[in-house]
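All the letters of the first sequence, read from the start, carry residue numbers 49 to 473 under my numbering.
Where is the CB? At the ideal position from N, CA and C, for every residue including glycine.
As the structure is a computational prediction, the values presented were derived from the model and not from experiment.
Some notes on the structure that comes next.
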Amino acid sequence: MLLSAPAGIDDILPEQVARWRFVEDKARELFARYGYSEIRLPLFEDLRVFVHNVGETSDIVEKGMFTFDSGEDHYCLRPEGTAAAVRAYLQHNYPKTRPFQKWHYIGPMFRHERAQKGRKWQFHQLGVEALGASDPLLDAEIIALAGHLFDELGLSGYRTVLNTLGCGDCRDRYRRTLQEQLGPQRGRLCADCQRRMDRNIFRVLDCKQEACQAVSAGTSTLQEALCGNCRSHFEATLQGLRILEIPYEINPRLVRGLDYYTGPVFEFVHPGLGAQSALGAGGRYDNLIAENGGPALGGAGFALGLERILIALEALGQTQALAASPALHAFLVSIGPGTREPLFQLAGKLRRGGLRVDLDHEGRSVKAQMRSANRSAAPFVLVLGCDELAQGQITLKRMDTGQESKIPLDSVLSVLRPGAADLPG
RNA sequence: GUGGGUGUAGCUCAGUUGGUUCAGAGCGUCUGACUGUGGCUCAGAAGGUCGCGGGUUCGAGUCCCGUCACCCACCCCA
Numbered sequence: 049m050l051l052s053a054p055a056g057i058d059d060i061l062p063e064q065v066a067r068w069r070f071v072e073d074k075a076r077e078l079f080a081r082y083g084y085s086e087i088r089l090p091l092f093e094d095l096r097v098f099v100h101n102v103g104e105t106s107d108i109v110e111k112g113m114f115t116f117d118s119g120e121d122h123y124c125l126r127p128e129g130t131a132a133a134v135r136a137y138l139q140h141n142y143p144k145t146r147p148f149q150k151w152h153y154i155g156p157m158f159r160h161e162r163a164q165k166g167r168k169w170q171f172h173q174l175g176v177e178a179l180g181a182s183d184p185l186l187d188a189e190i191i192a193l194a195g196h197l198f199d200e201l202g203l204s205g206y207r208t209v210l211n212t213l214g215c216g217d218c219r220d221r222y223r224r225t226l227q228e229q230l231g232p233q234r235g236r237l238c239a240d241c242q243r244r245m246d247r248n249i250f251r252v253l254d255c256k257q258e259a260c261q262a263v264s265a266g267t268s269t270l271q272e273a274l275c276g277n278c279r280s281h282f283e284a285t286l287q288g289l290r291i292l293e294i295p296y297e298i299n300p301r302l303v304r305g306l307d308y309y310t311g312p313v314f315e316f317v318h319p320g321l322g323a324q325s326a327l328g329a330g331g332r333y334d335n336l337i338a339e340n341g342g343p344a345l346g347g348a349g350f351a352l353g354l355e356r357i358l359i360a361l362e363a364l365g366q367t368q369a370l371a372a373s374p375a376l377h378a379f380l381v382s383i384g385p386g387t388r389e390p391l392f393q394l395a396g397k398l399r400r401g402g403l404r405v406d407l408d409h410e411g412r413s414v415k416a417q418m419r420s421a422n423r424s425a426a427p428f429v430l431v432l433g434c435d436e437l438a439q440g441q442i443t444l445k446r447m448d449t450g451q452e453s454k455i456p457l458d459s460v461l462s463v464l465r466p467g468a469a470d471l472p473g
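Encoded structure:
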């Protein structure tokens, strides 16, 4: 019986890697343009890093993490990046040395949920964290950055939805209001929402059930409970978006599942994604640093689902025009006894000289070697037969015209090298 | 954790009311078409315990049960 990868974990095969790199490369370039330097964080952490921050009652912590023990210590595969970034920020004393940090990361995250479209056990996030400041223009900046990335990728049709959750006080006040307004209607809510009422009552607001929506439609919105500071921060964020001419829409019922969010939160949704409709999401978390033992410094960030971006691009038909890897400069074909080793030697020289070349390793016929050459998309083929070998020459064939010429064996590098920069790839 | 759907060659799928074309097609792969040369065309070949295990039947990809895997959805979230 052949083994296969665990459920919910995909191999990213060579044929697919070009698409991944297309997104990753573009993201890295843009992150740098916005001043977000890369940080590489561990794939597993002390369990407490996430339990306290993501939320004890969130599904991620309740049943969604891969955990394991080593002796007395409890660990988990990271389910998200923000809490780990904050941990590193504090561990390395950034608040005291250089409190304002703009970081980005790209890498795998792990959540133990039933897999479905756009939801895997191992998935990949592109994330950004701006730590140590509470400037509302930072909220606007990261929203703009995500949108900019989508635009650069040719990912059209996404919507930017935002809302504000308010500070702790606003939320406490609003929570009480909701409890009062929803309490008497509890029986009309679905079973999930009745559960949500006790765990995270805000999530009742974005339940998909019609009955629940009808009930929650009658409740007051958080906007009405917002304190002056939160109101002006949100306004300033929106103003920042307008300055940058970023289109957005406000959804007062947008709620985030992670506990650490405060203030503005946002989501990028796309119709090509299926039920998991968010390309990415994020928001401000002004209490997170303090709650982890640091000073009262704010932060904001987002995480985008790499697979989801790929799904959306696929839905848009933006899949072609991506070479799997740079094409070879030349494919080397050997004909007849005694030619293989000299050809192998030539390959070594050409590679040392900076050219991408390859040759057959399956003992295939000349015709088959030519087929390989053709498939490789190499613009040139070098044919070494007994005749050429005896003359110290090699046949250089242009694959586009089929034109052939013999050149001295030791001149190959200098003949191909000048044009190498013009070659595809 | 809960539903629903699907499981036939490497890939995409046909296989009608269970019975000598039900083991097939297309694509892909490989070989060959005046003995050292690709892309097009033509010819041919390889490749499948029909997910797995039971059962019903004279006889099962084709019916029943179980099981596993995958997909989609709920939930949750990127």
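Segment limits, beta strand (DSSP E) that includes residue i
i	result
phenylalanine 350	347-353
glutamate 452	452-456
threonine 115	115-118
lysine 445	441-446
Under 8 Å between C-beta atoms of residue i and residue j
i	j	result
glycine 214	alanine 273	yes
alanine 192	leucine 186	no
lysine 74	glutamate 200	yes
valine 71	isoleucine 359	no
leucine 380	leucine 430	yes
cysteine 238	cysteine 260	yes
alanine 378	leucine 352	no
methionine 157	proline 127	yes
leucine 4	isoleucine 249	What the structure shows of the chain is the stretch from 49 to 473, and residue 4 is not part of that stretch, so it cannot be assessed.
leucine 78	leucine 203	no
leucine 461	glutamate 452	no
Where residue i falls, given that 16 or more other Cβ within 10 Å makes a residue buried
i	result
leucine 174	buried
glycine 216	exposed
asparagine 141	exposed
arginine 355	Rather than arginine, the amino acid found at residue 355 in this sequence is glutamate. Result: buried.
serine 264	buried
asparagine 422	exposed
serine 420	buried
aspartate 67	Inspection of the sequence shows that residue 67 is occupied by arginine rather than by aspartate. Classification for arginine 67: buried.
glutamate 189	buried
glycine 411	exposed
glutamate 228	exposed
histidine 172	buried
alanine 131	buried
arginine 400	exposed
phenylalanine 116	exposed
threonine 387	buried
aspartate 246	exposed
arginine 219	buried
cysteine 124	buried
arginine 81	exposed
serine 382	buried
glutamate 409	It is histidine, not glutamate, that sits at residue 409 in the sequence shown. By the neighbour-count rule (16 or more Cβ atoms within 10 Å), histidine 409 is not buried but exposed.
Residue range of the alpha helix (DSSP H) that includes residue i
i	result
tryptophan 68	62-81
methionine 418	414-424
proline 390	388-400
glutamine 227	216-230
asparagine 277	276-291
glycine 330	Taken as a continuous stretch (DSSP letters only), glycine 330 belongs to no alpha helix (DSSP H), being part of the beta strand (DSSP E) at 326-332.
valine 263	258-265
valine 405	Valine 405 -> not in any alpha helix (DSSP H); beta strand (DSSP E) instead, spanning 405-407.
glutamate 272	270-273
glycine 195	184-201
Which residues DSSP lists as bridging residue i, in chain order
i	result
histidine 152	Glu86 and Val176
glutamate 93	Cys124
glutamine 170	Phe158
glutamate 315	Val209 and Ala329
glutamate 297	Val209
leucine 432	Ser382
threonine 310	Arg332
glutamine 164	Arg167
Cβ contact (3+ pairs, closer than 8 Å) linking the region 56-68 and the region 159-171: Enough Cβ pairs lie closer than 8 Å, so yes.
Cβ contact (3+ pairs, closer than 8 Å) linking the region 205-212 and the region 308-328: Taking 8 Å as the limit for Cβ pairs, the verdict is that the region 308-328 does touch the region 205-212.
At least three beta-carbon pairs within less than 8 Å, the region 326-343 to the region 302-310: Three or more pairs of CB atoms, one per stretch, sit closer than 8 Å, so the region 326-343 contacts the region 302-310.
The region 135-153 in contact with the region 88-104 per 3-pair CB rule at 8 Å: Yes: at least three Cβ pairs fall under 8 Å.
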